[in-house]
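Residue numbers (the numbering used here): 34 to 80. We put the beta carbon where it would ideally sit given N, CA and C, even for glycine. Small disclaimer: the values here were computed from a predicted structure and weren't measured. Remarks on the structure that follows.
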Amino acid sequence: MPLYDYACACGVRFELLVPSWSTPDPDCPDCGAGTVRRPPSPAMRTG
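Written as structure tokens, this is what we have:
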């Protein structure tokens, strides 16, 4: 299961293990809003 970062408009950032069959974004654990987003992840460099 991939680990995703989420951010809410209330300022809370959290990580969540998300099964591949789960499509809806989770609710914010702090305020309960269902409008969380996945901010862009930093790029990985190799070599």
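First and last residue of the beta strand (DSSP E) that includes residue i?
i	result
R46	46-50
D58	First-last for D58: undefined, no H or E at that position.
D38	36-40
Could you work out which residue in the options is closest to residue i when comparing CA atoms only?
i	options	result
S53	C64, C41, Y37	Y37
Please confirm whether residue i and residue j have their CB atoms less than 7 angstroms apart.
i	j	result
P72	A42	no
D63	V51	no
I want to check one thing, is the minimum distance from the CB of residue i to the heavy atoms of the ligand NAD below 6 angstroms?
i	result
V51	The ligand NAD is absent from the structure shown, which contains no ligand whatsoever.
Quick one: measure Cβ to Cβ for residue i and residue j, integer angstroms, because I've assumed they're closer than 8 angstroms.
i	j	result
P59	V69	6 angstroms
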